[in-house]
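Chemist:
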Amino acid sequence: MAGFLMKQMVGGKLDDLKGGMDKLAGGGEGEGATTETGEDPEVVAARQEQEERRKEKHRKMEVEREKMRTQIRGKYNIQKKEEDPFGMAAASMDGRIGGPKKTPEEMAKMMNGEEDDSLIGQLGLTEQVEKAKTAVNGALETVRGFLPFGK
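Counting from 23, one number per residue, gives the positions in the sequence shown under the working numbering.
1) Alpha carbon to alpha carbon, how far is P170 from V158?
2) Whole angstroms is fine: what's the gap from K102's alpha carbon to G96's?
3) Following the continuous alpha helix (DSSP H) through G167, name the residue where it begins and the one where it ends.
4) With DSSP collapsed to three states, give me the class of M31.
5) Excluding five sequence neighbours on each side, which residues of the same chain lie with their C-beta closer than 8 Å to the C-beta of F26?
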């Protein structure tokens with residue numbers, strides 16, 4: 023117990039002494055300006071400058087690559103592929119096996135059964151299938167009433 027009390031009394035005095043020495047040495051609280059994140063503004067400026075240099079380097083490399091691509095296209099008479107901003111590529115799907123992709127709305131309609139593209143719908147047998155479903159459901163309810171595990 024006495025050791026604990028000594029550490030408390032002497033430890034507090036040592037911390038005060040260390041703090042005073044830091045202030046005298048020029049460190050501690052009065053140390054230069056810092057940013058909101060606690061970093062030195064010089065370090066932040068250096069990072070930004072480095073990032074700008076990196077971006078400029080990549081921009082120059084891309085310009086050089088595009089120049090090389092144009093030379094190769096000219097040498098071998100290769101046409102540049104034009105990007106279609108309006109999605110007209112779907113019109114050129116003739117002869118493809120996959121067909122055009124469906125929108126989420128079309129997929130929802132298909133899942134909900136609003137469009138009747140099934141074989142039963144094409145043959146006009148939907149009414150008969152619905153009657154059969156109701157008959158089976160009725161028979162199932164009757165069987166559940168008789169069997170002990172159906173209750």
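Just so you know, even glycine gets a beta-carbon here, dropped at the ideal spot from N, CA and C.
Modeler: Looking at the atomic coordinates:
1) By one-based count along the sequence shown, residue 170 stands at place 148. By one-based count along the sequence shown, residue 158 stands at place 136. Near 20 Å, if we compare the C-alpha coordinates of V158 and P170.
2) Counted from its first residue, the sequence shown places residue 102 at position 80. Counted from its first residue, the sequence shown places residue 96 at position 74. Each residue's Cα considered, the two are about 10 Å apart.
3) Locating residue 167 in the sequence shown gives position 145, where the first residue counts as 1. Counting along the chain, the alpha helix (DSSP H) containing G167 begins and ends at T148 to F168.
4) Against the sequence shown, residue 31 aligns to sequence position 9. Helix at M31.
5) Taking the first residue of the sequence shown as position 1, residue 26 is located at position 4. Excluding sequence neighbours, F26 sits near nothing in its chain.
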